[in-house]
Amino acid sequence: MDTSKGNGHGASSDGEIRVGVYVCHCGTNIAATVDVAEVVRFAEGLPNVAVAKDYQFMCSEPGQELIQQDITEHKLNRVVVAACSPLMHEPTFRRACAEAGLNPFLFQMANIREQCSWVTTDKPRATEKAKHIVRAAVSRVALHAELQVREVPVNERVLIIGGGIAGIEAALQIADAGKPVILVEREPSIGGRMATFDKTFPTLDCAACILTPKMVSAGQHRNIDIRSYAEVASVSGHVGQFQVSIRRNRRYVDDKKCNGCGLCYQECPAIVSPKSRKVSIEGQPYFVGSYAEGGEARKVTIRQGDRERRKPIKDTPTGDCIFCGKCATACSEVVGAHAIVLRRDESAEAGKQRSLEFNGNCIGCGACVRECPTGALTVTDAQDRQVLHHEMMLGPNKAIRVPTLQAVPNVPFIDEETCIHFRNGGCGHCAEVCPQEAISYDMEEAIEEVEVGSILVATGFDTIDLAPMVQYGWGRYDNVISGLEFEILCHASGSTGGKILKADGTPPKSVAILHCIGSRDEHYHEHCSRVCCMYSLKFAHLVREKVECDVYEFYIDIRAGGKGYEEFYKRLMREDVTFIRGKAAEVTNWPMSPEEEGKLVVKAEDTLLGQIRRAPVDMVILSPALQAREGAQTLAQTLGIGCGGEGFFLERHPKLAPVQTAADGVYVAGACQSPKDIPDSVAQGAAAAANILSLIDKGMFSIEPVVAVIDETLCGGCRTCINMCPYSALSADEERNVAVCESALCKGCGTCVATCPAGAIQQQGYTDAQIRAELEGALGRLAASSAE
Amino acid sequence: MSASADFEPTIIGFLCRWCSYTGADLAGTSRVKYPPNMIPLKVMCSGRVDPSLVLKALADGADGVLILGCHPGDCHYHEGNHKTMRRVPMLKSVLQQYGIDPARVRLEWVSASEGDRFAEVVHDFTEEIRALGPQKRVESVA
């Protein structure tokens, strides 16, 4: 640490320390509470202080020029600014010093705003505290030494975690600028939540129509590499040079060979809904092959028809078994379960010679259902519901499938839980029919290592689990569904073709939409989830348009702050939707009057009428709170960023730096930072892209040189420090019996410094001597105390 | 050793730059008020806090020392706060041998978003030290 070489004026060539102290008023932010003039007078009397001044706004141009002039005029070689937090303006003043020829690390900031004037009402005591803080800074800065920033090159490749609308927007902006992007998405396709919506508010644009062009652009862009069905396993390194491990899950389909023809899922015999279960045996008068593991059973039932009046095939009404035996063939030869056997008894009377035998080997795959020509075999769930609101899919409901027919990449994956081959070793049909030979049941997980210069987190949101809220009946009553489930129900690619139907397959005659379920609620989430008022209005519109039935909105407030949102609200009021101002307290199926029989009753206090109301409806849609994704905390720890109180990723500054994080080179965009709608998610994605492109354009990043430095004359070779370093920056030099620090790896935590029993390691910028001087200044122990 | 209500304790706080210093700034931007008895010192990580620095603070006139770091698992440097977690109990037993009440040193976790908690911690610790009274001054510690 050679302090004799100066950058220019005032470097300590003659050993005399000359400190300039500048106390900022910050308008009234500091001056209204701290007596700035008194602090200046106090500073003038401190040792080594050559000049002490105050100014309204030190961070302004004249403020900075004041410092720069004094550096020249008064030959200052140390500067203290007593103002806001160093986290706010330390870079500003360091730059000002550097431009005046003073090494920027010969500067110390004294925080007398965020940690003094803003948190104290007692003016004299605030002023005393400010004086202590200034004296600490003056005492410390005298021991500062010239340091040089470390510049690291920035790799132009960018990692984007999350392929929803925010991630896609950022990827396109960055890729269009000519920089390479690797886009990692956990689901088999990009598109995120927006791909599950039917329409978007307030324009009622078809979500797929505006999203799929972007998805396709991203999929085809030469600068974007999509890794779908993959997750980020680990991250190391620092801004400019991150080493990332990506874990690619077992898709069982080779995306380099697959051409998206779709033959595999057309041919797949296993009909599924998302939650298949294992087999169990249940005897029934009609054959019931069911599979269930805790929870709901799925039945495959066969209606045997009236055997006395068995008719030839062409006249058989749909739904009667004609004993053709195709189901038995499928079950034995394709599935290999042998759960159905066709028996022929020639000695029986005519019309009763064929019979079907069923045993408990059924695995509930649905292959027999697919083969049955008359529809005698059906798959329903244990309660005979036809529309399974909680398990709807947007793509083919087969074990090998794409999540939607617009998937990007258009490559299927095999769902091991429902695939016949993975369940009992049979079938294997898809691999046989695939013309590209892209399917392999032996595929392993793969780890890919990449190096990137910057990372964007755009992982989106989850909704609150509604099951514990028993008062609303989700998961207990039929026809109580969540907002995301209703989106899929309305989706044209859903199993109802976009028709709004109850679980029994009939349309509802009345629908209630309940706002704020889990939001604005001290028992769950205090925050407002921002999008629910608007999508609830959108739902009301869709119901009125598709079903023309009564719609009731139970709300606390209608939050319609965006562009065109209030107008949309007005429109809904004209569409004959009934708005009841009162958060719903309960949904029950206990009738208290004849018109409530067979209905779901929503109970709420109508605060405008001042009465408790009971509204009997056929369907209830809950607007669940948006919350941080499960696994967000783990991802935050992997990346070295923080989460706020509600679990969303923490931005560097909510107003001025909403897409940066505390970790340089790591950015955040979209609903993973806080609940927001599509326009805001797109805006943040673009903002993050701009930040990233600016970083790449500079090409170099300056890292604070607060690294550990070892004085080998003091090091005794005890090796206590070696294992303390989380970055393995310390190693033992066997020959010389000392510890050695690789400063490129050192991140500057200082843990080794505190560990060393000999005091041989110091941290640049945070040496023991500097901190001890700061303590002495704070506590007034030195000769400085004579200034009191 | 008076526990007089007029006694204003002097407290030194070691705040880690990533979590607790940011949390303290948040308390400031939120204008949460807390007693002005604590003078904050910024370190990069609570792991930097050498016990000898704590001893010096107590020797030089601090009545209490607060060490604030990130919650375990959230340390910006992965494990710095784990080291602090191990050092502080050892330090406290040394303090006892010096005849200093170990309650005068407190280790707490405050995250960057916990402005209110920061103020609460400072307030509670200030009152506890006020009740303990002024620290006996030790003339020299190395």
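Just so you know, the sequences run in chain order R and W. Residues in the first sequence are numbered from 295 upward in steps of one, following the working numbering. Residues in the second sequence are numbered from 6 upward in steps of one, following the working numbering. Built from N, CA and C at the ideal position, the CB exists for glycine as well.
Open item on the list: Just to make sure I have the definition right: I need the residues of chain R whose C-beta is within less than 7 Å of the C-beta of ILE105/W. Which are they?
Closed with: Stepping through the second sequence from its first residue, residue 105/W is reached at position 100. Ordered by position in chain R, no residue passes the 7 Å Cβ test against ILE105/W, which lies about 16 Å from the chain.
- [ ] Find the residues of chain W that neighbour GLN931/R, judging by a C-beta separation of less than 7 Å, and give them in chain order.
- [x] Within the first sequence, numbered from 1, the residue matching residue 931/R stands at position 637. Chain W residues near GLN931/R: GLY78 and ASP79.
Task: Segment contact, 8 Å Cβ cut-off, at least three pairs: the stretch 857-876 of chain R with the stretch 532-547 of chain R - done: no
Task: Distance between ILE775/R and VAL914/R (C-alpha atoms, nearest Å) - done: Looking up residue 914/R in the first sequence gives position 620. Looking up residue 775/R in the first sequence gives position 481. Rounded to whole angstroms, VAL914/R to ILE775/R spans 6 Å at the Cα level.
TODO: Closer than 8 Å by beta-carbon distance: list the chain W residues that pair up with ASP416/R, in chain order.
DONE: Walking along the first sequence from the start, residue 416/R turns up at place 122. The contacting residues are PRO41.
TODO: Output yes if chain R places a C-beta closer than 8 Å to the C-beta of SER25/W; else output no.
DONE: Taking the first residue of the second sequence as position 1, residue 25/W is located at position 20. It does not; no Cβ of chain R falls within 8 Å.
- [ ] Name, in chain order, the residues that DSSP records as bridge partners for ASP348/R.
- [x] Your numbering for residue 348/R matches position 54 in the first sequence. In the DSSP output, where bridge partners are listed per residue, ASP348/R has VAL317/R.
TODO: Determine the closest residue to TYR1060/R out of ARG122/W, THR89/W, SER25/W and LEU46/W, with distance taken between C-alpha atoms.
DONE: Numbered from its first residue, the first sequence carries residue 1060/R at position 766. Nearest of ARG122/W, THR89/W, SER25/W and LEU46/W to TYR1060/R, Cα basis: LEU46/W.
Task: Pick from ILE468/R, GLU525/R and ALA898/R that is closest to ASP991/R, judged by C-alpha positions - done: As a first step, residue 991/R is located in the first sequence; it is residue number 697 there, counting from the start. For the residues ILE468/R, GLU525/R and ALA898/R, the minimum Cα distance to ASP991/R belongs to ILE468/R.
- [ ] Taking all protein chains shown into account, decide if VAL895/R is buried (16 or more other Cβ within 10 angstroms of its Cβ) or exposed.
- [x] Counting from one through the first sequence, the residue named residue 895/R turns up at place 601. Buried, by the Cβ-count rule.
Task: Close-in-space but distant-in-sequence residues of the same chain around ALA527/R (CB under 6 Å, 5 per side omitted) - done: As a first step, residue 527/R is located in the first sequence; it is residue number 233 there, counting from the start. Correct list, in chain order: SER539 and ARG541.
- [ ] Using three-state DSSP, classify SER539/R as helix, strand or coil.
- [x] Mapped onto the first sequence, residue 539/R falls at position 245. Reduced to three states, the DSSP call for SER539/R is strand.
Task: Interface flag, GLU84/W vs chain R, CB-CB below 8 Å - done: On the second sequence, position 79 is the one that residue 84/W refers to. So, interface residue.
Open item on the list: Short of 6 Å in beta carbon distance, which residues of its chain neighbour ARG22/W, apart from the five on each side in sequence? Order them along the chain.
Closed with: Translated into the one-based positions of the second sequence, residue 22/W becomes position 17. For ARG22/W, where only same-chain residues beyond five positions count, the Cβ hits under 6 Å are LYS47 and MET49.
Open item on the list: I'd like the list of long-range same chain contacts for TYR39/W, defined as Cβ closer than 6 Å, with 5 residues on each side in sequence excluded.
Closed with: Along the second sequence, one-based indexing puts residue 39/W at 34. Cβ within range, chain order: ALA124, VAL127 and HIS128.
Open item on the list: Suppose you measure from the CA of GLY788/R to the CA of CYS80/W; what does that come to, to the nearest Å?
Closed with: Along the first sequence, one-based indexing puts residue 788/R at 494. Along the second sequence, one-based indexing puts residue 80/W at 75. Computed Cα separation, rounded: 45 Å.
Task: Residues, ordered as in the chain, of the stretch 106-119 of chain W that lie near chain R by beta-carbon distance below 9 Å - done: SER116, ALA117, SER118 and GLU119
TODO: Determine the contact status of PRO563/R and HIS715/R, defining contact as a CB-CB distance below 8 Å.
DONE: Looking up residue 563/R in the first sequence gives position 269. Looking up residue 715/R in the first sequence gives position 421. No; because the gap between Cβ atoms is not below 8 Å, this pair is not in contact.
Task: Every unbroken beta strand (DSSP E) within the stretch 996-1060 of chain R, with a cutoff of 3 residues, ordered by chain - done: 1002-1004, 1024-1027, 1032-1035 and 1055-1057
Open item on the list: For ILE607/R, which residues in the same chain have their Cβ closer than 7 Å to its Cβ, ignoring the five residues on either side in sequence?
Closed with: By one-based count along the first sequence, residue 607/R stands at place 313. Summary for ILE607/R: the model assigns pLDDT 42, below 50, so the residue's position carries little reliability; its value from the coordinates is reported in the next sentence. Closer than 7 Å at the Cβ level, and outside the excluded window around ILE607/R, lie ILE616.
Open item on the list: So MET49/W contacts chain R; which residues on that side make the cut at Cβ distance below 8 Å?
Closed with: In the second sequence, residue 49/W corresponds to position 44, counting from 1. VAL1000, GLY1042, CYS1043, GLY1044, GLN1057 and TYR1060, listed in chain order.
- [ ] Work out the CA separation of MET1018/R and GLU525/R for me, nearest whole Å.
- [x] Translated into positions along the first sequence, residue 525/R becomes position 231. Translated into positions along the first sequence, residue 1018/R becomes position 724. Whole-angstrom Cα-Cα distance: 30 Å.
Open item on the list: Taking 8 Å as the threshold (beta carbon to beta carbon), is ILE1020/R in contact with chain W?
Closed with: In the first sequence, counting from the first residue as 1, residue 1020/R sits at position 726. Correcting the residue identity first, residue 1020/R is Pro in this sequence and not Ile. Yes, contact with chain W.
- [ ] Report yes if the CB atom of THR15/W is closer than 8 Å to the CB atom of ASP55/W, and no otherwise.
- [x] The count along the second sequence starts at 1 and reaches residue 15/W at position 10. The count along the second sequence starts at 1 and reaches residue 55/W at position 50. Going by C-beta atoms, THR15/W is not nearer than 8 Å to ASP55/W.
Task: Top-ranked residue by Cα proximity to VAL841/R, from ASP912/R, GLY904/R and VAL432/R - done: By 1-based counting over the first sequence, the position of residue 841/R is 547. Of ASP912/R, GLY904/R and VAL432/R, the residue nearest in Cα terms is ASP912/R.
Task: Burial state of GLN560/R, where buried means 16 or more other Cβ atoms lie within 10 Å - done: Against the first sequence, residue 560/R aligns to sequence position 266. Classification for GLN560/R: exposed.
- [ ] Using a Cβ cut-off of 8 Å, pull out every chain R residue sitting near ARG36/W, in sequence order please.
- [x] On the second sequence, position 31 is the one that residue 36/W refers to. By Cβ distance, chain R contributes TRP412 and VAL413.
Open item on the list: Strictly below 8 Å CB to CB, what residues from chain W border ARG1066/R?
Closed with: Sequence index remark: in the first sequence, residue 1066/R carries index 772 (1-based). Ordered by position in chain W, the residues that pass the 8 Å Cβ test against ARG1066/R are LEU58 and LYS61.
Open item on the list: I want to verify the contact list: residues of chain W whose CB lies under 7 Å from the CB of SER379/R, in sequence order.
Closed with: Translated into positions along the first sequence, residue 379/R becomes position 85. Simply ASP30.
Open item on the list: Check whether chain W comes within 8 Å of GLU384/R, counting only Cβ atoms and requiring the distance to be less than that.
Closed with: As a first step, residue 384/R is located in the first sequence; it is residue number 90 there, counting from the start. Not one chain W Cβ lies under 8 Å of GLU384/R.
Open item on the list: If we define contact as Cβ-Cβ less than 8 Å, is ARG53/W a contact residue for chain R?
Closed with: The sequence position of residue 53/W within the second sequence is 48, counting from 1. By this cut-off, ARG53/W is an interface position.
Open item on the list: According to DSSP, simplified to helix, strand and coil, what is HIS532/R?
Closed with: Within the first sequence, the letter at position 238 stands for residue 532/R. It is a strand residue.
Open item on the list: I need the DSSP call for GLY699/R, collapsed to helix, strand or coil.
Closed with: Taking the first sequence and counting its residues from 1, the one referred to as residue 699/R is at position 405. The sequence shown places Leu at residue 699/R, rather than the Gly named in the question. Residue state, collapsed to three classes: coil.
Task: Local conformation of PRO611/R per DSSP, three classes - done: Residue mapping note: residue 611/R aligns to position 317 of the first sequence, counting from 1. With a pLDDT of 41 at PRO611/R, under the threshold of 50, the modelled position of that residue is not reliable, and no figure is offered here.
Open item on the list: Below 9 Å on C-beta distance, what does ALA67/W contact in chain R?
Closed with: Residue mapping note: residue 67/W aligns to position 62 of the second sequence, counting from 1. Within chain R, the residues near ALA67/W are LEU1069, ALA1072 and LEU1073.
- [ ] With a threshold of 16 other CB atoms inside 10 Å of the CB of HIS835/R, please say whether the residue is buried or exposed.
- [x] For the purposes of this step, residue 835/R is identified with residue 541 of the first sequence, where counting begins at 1. Buried: at least 16 other Cβ atoms inside 10 Å.
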